[in-house]
Amino acid sequence: MQTTDHIMELAGHRQEDFSVCMGCKVCASVCTINDLDIDMNPQEFLLKLFMGEEIKADNPLVRYCTSCYRCASACPWQIRIPEVVRAVKESLGIEARFEKAFKKSLDIWGRVYEPFVVIMSAPDLLMGGYIKFLPKWMEYAGFHFPHKVKRIRTSHTLKKGSSSKEGRS
Amino acid sequence: MKILIIGGGISGISAAKVALAKKHDVTILECAEEPGGLMARIANCRVGFKTFLDEIVNDPRLTIIKQGKIASVDKKEGRFNVTLEDGQSLIADRVIIATGLSPYDPVEYKGKRVLTSLEYDQIIDQRNGELPADFNRVAFVLCVGSRSKEYPLCSSVCCSYSLREIKWTLQRAKPAITVFYNDLRYFGQEFYLEKVYRDAGVTFIRANSRYFDEDETGVNVRYFAEGKMKEERFDYVVLAIGLRPNPMLESLSKFFGFSLNEYKFVKEEEPLKTDVEGIYVSGGALEPMNIKDSILTGFGAGLRAVRNGDIGSEVMPVDERLYREEAPVIAPPEGAFDSCLFYIATDDPGARIFYEFVSSKFIAMARDLKRAGKNVYVVTRNVVAPSYDELEYEEARREGVIAIHLEEGETISFVDGKALINGPGREFVLPADRVISFDDYAHLFKDGEFLSLYRSEPQIRWNPTRWGRKKYHVGFIRHPRSERWEKREIFGAFGEMLLDAEEERALPQVNEERCSGCGSCKDACPQKAIEMEIREKVIAVFGPQVATGEPIAHIKEDTCVSCGLCASTCPSDVISYPEIPEKGNKHALECEIPQPK
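If you're matching them up, the sequences are chains X and D in order.
Per my numbering, the first sequence runs over residues 1 to 169.
Per my numbering, the second sequence runs over residues 170 to 766.
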């Protein structure tokens with residue numbers, strides 16, 4: 001289901017960080033998609049989202065956005081449009097396999113575990129003619145079992161540290 | 170009493186004028202080599218500033234310290250002991266902070282052909298010689314360095330200043346000019362000026378740009394309008410830079426102990442006064458404002474400083490010369506509806522002067538309705554929300570009021586509960602059970618006297634509130650805008666009355682016998698100080714005597730400002746000024762004339 005709230009949740013931002021847009025269309029003037037002769041206005045994209053219109057998978061911004069962040073750096077309000085675009089992609093389920101694998105790896109181990117990413121995105125890599133890089137991948141991946149990284153929970157660790165200090169004194 | 174004014178710009182000089190008129194000792198501390206500040210950086214305003222300064226520069230009670238920097242400040246028994254870096258020490262009973270604004274420097278965009286508006290000002294300055302050879306296409310890009318995350322206020326003067334730069338450019342050459350804007354935040358007559366330049370061929374595009382690809386011979390600018398990405402080549406690009414608070418305010422606040430607000434402007438505890446006793450504030454240290462308002466607040470702060478704090482914010486002084494009118498009430502919509510659309514646009518340039526007033530009311534209403542859980546849209550051609558008013562507009566957008574900016578060619582039509590937006594680039598439908606448009610309220614501004622007065626306001630005025638000889642306008646009638654200005658304007662008006670008290674004036678006189686009543690003086694008078702009166706005249710030509718009416722010009726003394734336009738317009742030289750003998754000189758002349766023997 002694609003609702004504005006859902007997308008904002010996926011993007012990891014509050015809606016007001018995006019709805020502050022004042023419609024200056026600076027983002028459109030620097031957007032690299034427009035180099036492809038596709039007339040795309042990221043501001044219109046945001047507006048559609050806030051008016052509750054559904055954004056389809058063939059929207060040029062969804063298809064071609066490279067997350068270069070040129071729009072975000074030129075925007076007077078520094079609105080991070082690529083992050084919304086990625087959230088829309090996620091909600092539509094049209095992320096590339098690499099992207100899915102990357103995120104999943106973060107979910108499981110809290111870090112990027114390269115062999116996992118390579119294996120998960122293998123279909124794309126094989127069909128995309130990247131097979132000639134196979135020796136390089138093997139070199140990267142090596143063969144080792146993944147070690148789990150302990151996630152740092154700041155509040156928890158802080159409490160622990162302070163209590164031990166008190167104990168010592 | 171000793172008064173220290175920090176900052177020798179237009180606002181500081183205005184404050185000094187009021188203090189000198191009350192016979193106090195005034196010291197102006199200026200950090201630059203010459204007083205003038207931001208106003209003197211504008212070529213066309215430099216002369217005006219010098220004239221304004223020359224009126225007081227020879228006063229023996231005035232000291233101007235140039236290139237002075239404060240090293241330390243002590244406060245003892247309500248007096249400030251200020252020590253400068255060169256060892257000089259000053260004592261001041263009252264301090265006026267008039268540090269002014271500091272223009273933003275867009276280093277990331279600047280180049281040889283991408284200029285800031287102040288740099289461009291030097292190019293079109295006649296004293297700097299000929300214009301460059303390639304001067305055929307000029308673009309103005311507004312809102313650079315203001316209305317942003319870094320600095321959320323609107324600088325409120327860049328739109329007007331760009332319009333003046335267009336005027337000065339067209340006075341010298343005829344380049345094709347394009348203006349890229351977000352909103353055109355003009356004031357008063359500038360909306361007429363805008364229309365004039367539109368008709369003269371200046372292109373206004375409601376799209377902004379930050380893509381400036383500069384090479385040896387020009388700049389390519391990309392912008393998105395009419396649903397298309399466009400690229401145009403210009404010879405020069407002018408960035409209308411935002412005005413930010415002066416960075417020196419931070420060190421001054423440490424020295425003197427007054428506090429700043431979150432945007433690094435001085436926090437105004439009472440109108441024109443900081444939260445420290447004896448320290449007053451004026452001009453650009455308060456918020457971004459134009460020259461006229463800087464003079465106004467300068468007069469006001471000067472008055473507050475010399476009146477020894479006996480006028481507070483609660484007890485406003487009353488004077489019969491002050492004239493104000495109640496602002497019309499804009500009532501919120503009644504009845505049941507789910508979605509509401511505010512439409513801020515009008516075709517009449519004379520009504521556009523109320524954009525500022527109506528925009529702020531509409532935005533406040535939109536926020537209330539949004540909080541009540543309704544779908545709210547604000548469709549605009551132009552929202553005028555200068556300086557702090559922009560924050561309200563920003564909050565409205567954050568709260569979920571959907572702002573839709575209509576481009577130049579787009580049209581909107583309202584058909585049974587829906588609004589259709591139609592343009593070359595886009596077409597969409599908005600639900601709008603209730604439409605509240607600017608034109609619904611236009612009738613509120615039609616009848617008032619202020620409309621005609623505001624429209625005929627001269628563009629350059631050294632008297633920011635004076636309307637007539639005994640009439641000083643404040644509040645809504647002076648400038649329909651946010652309420653916070655009215656109290657400042659009242660103080661400004663009192664400062665101005667103090668200055669005007671000493672001025673000697675000559676009123677024009679009408680030779681009643683010769684006046685033919687043609688009315689040309691009435692049309693010429695910018696203050697509407699001339700009325701045509703009907704005088705009874707008895708005609709006796711062979712037969713019964715017949716009384717008829719004959720028009721004659723009558724000058725209202727209270728309103729007349731002695732500008733002399735009536736005297737120069739009168740076709741039969743009926744209006745004249747009395748000759749005022751110069752004081753003292755007559756006696757001197759008599760002494761010098763040798764007696765005939």
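Every residue gets a Cβ at the ideal spot worked out from N, C-alpha and C, and that includes glycine.
For clarity, every value in this text was computed on a predicted model and none was experimentally measured.
- Taking Cβ-Cβ distances shorter than 8 Å, what residues in chain D pair up with Gly23 (chain X)? Residues of chain D passing the Cβ test: Asn351, Ala572, Ile573, His574.
- Item | Nearest-angstrom Cα separation, counted from Ile239 (chain D) out to Ser422 (chain D) | Approximately 12 Å, taken between the alpha carbons.
- Would you say Gly309 (chain D) and Ser329 (chain D) are within 8 Å of each other, going by their C-beta atoms? Note on identity: in this sequence residue 309 (chain D) is Phe, with Gly being the wrong assignment. With a cutoff of 8 Å on beta-carbon distance, Phe309 (chain D) and Ser329 (chain D) are scored as not near each other.
- Task: Could you please give me the residues that DSSP links to Gly718 (chain D) through a beta bridge?
- Result: Gly718 (chain D) pairs with D:Glu705.
- Item | Cβ-based neighbour list, Asp444 (chain D), same chain, cut-off 7 Å, excluding 5 preceding and 5 following | For Asp444 (chain D), where only same-chain residues beyond five positions count, the Cβ hits under 7 Å are Phe427, Ser428, Lys436, Glu438.
- Message: By the 7 Å beta-carbon criterion, what residues does the segment 380-402 of chain D contribute toward chain X?
- Response: Cβ proximity to chain X below 7 Å picks out Tyr380, Arg391, Tyr392, Phe393, Gly396, Lys397, Met398 from the segment 380-402 of chain D.
- Query: Would you call His648 (chain D) buried or exposed, if buried means 16 or more other Cβ atoms sit within 10 Å of its Cβ?
  - Reply: His648 (chain D) counts as buried, since at least 16 other C-beta atoms from the protein chains shown sit within 10 angstroms of its C-beta.
- Message: Is there a Cβ of chain D sitting closer than 8 Å to that of Pro82 (chain X), yes or no?
- Response: Taking 8 Å as the threshold, the shortest C-beta distance from Pro82 (chain X) to chain D does not fall below it.
- Looking at Phe523 (chain D) and Val242 (chain D), is the spacing between their C-beta atoms short of 8 Å? Contact: no.
- In terms of residue numbering, what span does the beta strand (DSSP E) encompassing Thr32 (chain X) cover? Thr32 (chain X) -> no beta strand (DSSP E), and no H or E assigned at all.
- Which term fits Ala786 (chain D), buried or exposed, when burial requires 16 or more other beta carbons within 10 angstroms of its beta carbon? Absent from the structure is residue 786 (chain D), since the part of chain D shown begins at 170 and ends at 766.
- Compare the C-alpha of Leu231 (chain D) against each of D:Leu173, D:His574, D:Gly217, D:Pro275 and name the closest. Selected option, being the one with the closest Cα: D:Leu173.
- Okay, do the segment 388-405 of chain D and the segment 584-596 of chain D touch, 3+ Cβ pairs below 8 Å being the bar? Yes, since at least three Cβ pairs between the segment 388-405 of chain D and the segment 584-596 of chain D fall closer than 8 Å, the two stretches touch.
- Would you verify that the beta carbon of Gly569 (chain D) is, or is not, closer than 8 Å to some beta carbon of chain X? Cβ-Cβ to chain X under 8 Å: yes for Gly569 (chain D).
- Under 6 Å Cβ to Cβ from Glu401 (chain D), same chain only, skipping five residues before and after it: list those, please. Counting only Cβ-Cβ distances below 6 Å, and skipping sequence neighbours, we find Val390.
- Could you work out which residues of chain X lie near Glu563 (chain D), taking near to mean beta carbons separated by less than 7 Å? Residues of chain X passing the Cβ test: Val20.
- Query: In chain D, which residues lie less than 7 Å from Ala74 (chain X) when you measure between Cβ atoms?
  - Reply: Within chain D, the residues whose beta carbon sits less than 7 Å from that of Ala74 (chain X) are Arg379, listed in sequence order.
- Message: List, in chain order, every chain X residue whose beta-carbon is nearer than 7 Å to that of Ser331 (chain D).
- Response: Under the 7 Å cutoff, chain X gives no residues; its nearest Cβ is about 16 Å from Ser331 (chain D).
- Assign Cys68 (chain X) to buried or exposed, taking buried as 16 or more other Cβ atoms, counted over all protein chains shown, within 10 Å of its Cβ. Under this definition Cys68 (chain X) is an exposed residue.
- Task: Starting from the beta carbon of Lys318 (chain D), find every residue of chain X whose beta carbon is closer than 7 Å, and list them in chain order.
- Result: Within chain X, the residues near Lys318 (chain D) are Pro76, Trp77, Gln78.
- Task: Kindly list the residues whose CB is nearer than 8 Å to the CB of Leu300 (chain D), restricted to its own chain and excluding five residues on each side of it in sequence; keep chain order.
- Result: Correct list, in chain order: Ile292, Ile293, Arg341, Ala342.
- Pull up the DSSP beta-bridge partners for Phe381 (chain D), would you. Phe381 (chain D) pairs with D:Val390.
- Message: So that I know if they touch, is there some Cβ in chain D lying closer than 8 Å to that of Val117 (chain X)?
- Response: It does not; no Cβ of chain D falls within 8 Å.
- Item | Contact the segment 599-616 of chain D vs the segment 696-704 of chain D: 3+ CB pairs below 8 Å | Touching, no.
- Query: Cα separation between Arg567 (chain D) and Phe50 (chain X)?
  - Reply: In a straight line, the C-alpha of Arg567 (chain D) is about 11 Å away from that of Phe50 (chain X).
- Message: Any beta carbon of chain D sitting closer than 8 Å to that of Val30 (chain X)?
- Response: Chain D, which has a Cβ nearer than 8 Å to the Cβ of Val30 (chain X), makes this yes.
- Item | Partners in chain X for Arg566 (chain D), counting only beta-carbon separations shorter than 9 Å | Under the 9 Å cutoff, chain X gives Glu16, Ser19, Val20, Cys21, Met22.
- Message: Is there a Cβ of chain D sitting closer than 8 Å to that of Phe133 (chain X), yes or no?
- Response: Phe133 (chain X) does not count as touching chain D.
- Task: Enumerate in chain order the residues of its own chain whose CB-to-CB distance from Ala716 (chain D) is below 8 Å, with the five nearest sequence positions on each side excluded.
- Result: Scanning its chain for C-beta atoms nearer than 8 Å, with the 5 sequence neighbours on each side dropped, one finds around Ala716 (chain D) the residues Glu705, Lys706, Val707, Ile708, in chain order.
- Task: Specify, as a first and last residue, the run of the alpha helix (DSSP H) that Met398 (chain D) falls within.
- Result: From DSSP, Met398 (chain D) is part of no alpha helix (DSSP H) but of the beta strand (DSSP E) over 397-403.
- Item | For Tyr546 (chain D), the residue or residues it bridges with in DSSP | Among the bridge pairs identified by DSSP, Tyr546 (chain D) is matched with D:Leu510, D:Ile571.
- Task: Please report the Cβ distance between Arg770 (chain D) and Glu559 (chain D), rounded to the nearest whole angstrom; I am assuming they are in contact, meaning their Cβ atoms lie under 8 Å.
- Result: With chain D covering 170 to 766 only, the question about residue 770 (chain D) has no answer from this structure.
- Between the C-alpha atoms of Ile605 (chain D) and Tyr512 (chain D), what's the straight-line distance to the nearest angstrom? If you draw a straight line from the Cα of Ile605 (chain D) to the Cα of Tyr512 (chain D), it comes to about 6 Å.
- Item | 8 Å Cβ cut-off: residues of chain X touching Ala376 (chain D) | Residues of chain X with a Cβ closer than 8 Å to the Cβ of Ala376 (chain D) are, in chain order, Cys24, Lys25, Ala28, Ser29.
- Below 8 Å, can you find three or more Cβ-Cβ pairs linking the segment 722-735 of chain D to the segment 691-699 of chain D? Short answer: they touch.
- Is there a Cβ from chain D that is less than 8 Å from the Cβ of Glu44 (chain X)? Taking 8 Å as the threshold, the shortest C-beta distance from Glu44 (chain X) to chain D falls below it.
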